[in-house]
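Going by my numbering, the residue at position 128 of the sequence shown is 289; the numbering climbs one at a time, nothing skipped.
Note that the Cβ used here is the ideal one computed from N, Cα and C, for glycine as well.
Before any comments, here is the structure.
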Amino acid sequence: DGFEGMSLLPTNSSEVRNEPPQSGWVEAPSACVQISMDTFKSTCARLRTNELSGPAAADALVEAKKQAAGIGAQQAGPSPASIVRIPEESFRNICSSLEKDELLGPAAADALEKAAGLKNPAALLGRVTKMF
Numbered sequence: 162d163g164f165e166g167m168s169l170l171p172t173n174s175s176e177v178r179n180e181p182p183q184s185g186w187v188e189a190p191s192a193c194v195q196i197s198m199d200t201f202k203s204t205c206a207r208l209r210t211n212e213l214s215g216p217a218a219a220d221a222l223v224e225a226k227k228q229a230a231g232i233g234a235q236q237a238g239p240s241p242a243s244i245v246r247i248p249e250e251s252f253r254n255i256c257s258s259l260e261k262d263e264l265l266g267p268a269a270a271d272a273l274e275k276a277a278g279l280k281n282p283a284a285l286l287g288r289v290t291k292m293f
């Protein structure tokens, strides 16, 4: 059917089914990486000024992920407003691009902010078109 492995959560019952979405059904959310908002903002600022780049930037993001996971496990949980969530696949792709020096400076910060849902993609397009 093309839906093998998809996990669907019903919106109107506690039953979980594996079949195509229908009215009243939504896909289960994908896994997300969590990073503290302060660390996220600091990392983006350091990326924008090229103070942080390449493999060191990828390492900093992975370390921020580990720190947030450790804090979450030790406490009842940080407030949702103090946490940035990035889809796991996007996080891996960004880290991979940083490690290969394919993503640098402001573009790296923009990619992180976009992946976290903190940057409007249209605003990014406006910045690019103003450059040319």
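| query | result |
| --- | --- |
| Please classify Asp271 as buried or exposed, where buried requires at least 16 neighbouring CB atoms within 10 angstroms. | buried |
| Might you give, ordered along the chain, the residues of its own chain that have their beta carbon closer than 7 Å to the beta carbon of Ala218, omitting 5 neighbours on each side? | Leu208, Leu259 and Ala269 |
| Per DSSP, what are the beta-bridge partners of Cys193 in this structure? | Pro248 |
| Beta-carbon separation of Val194 and Glu263 under 8 Å? | no |
| Cβ atoms of Ala277 and Ile255: under 8 Å apart, would you say? | no |
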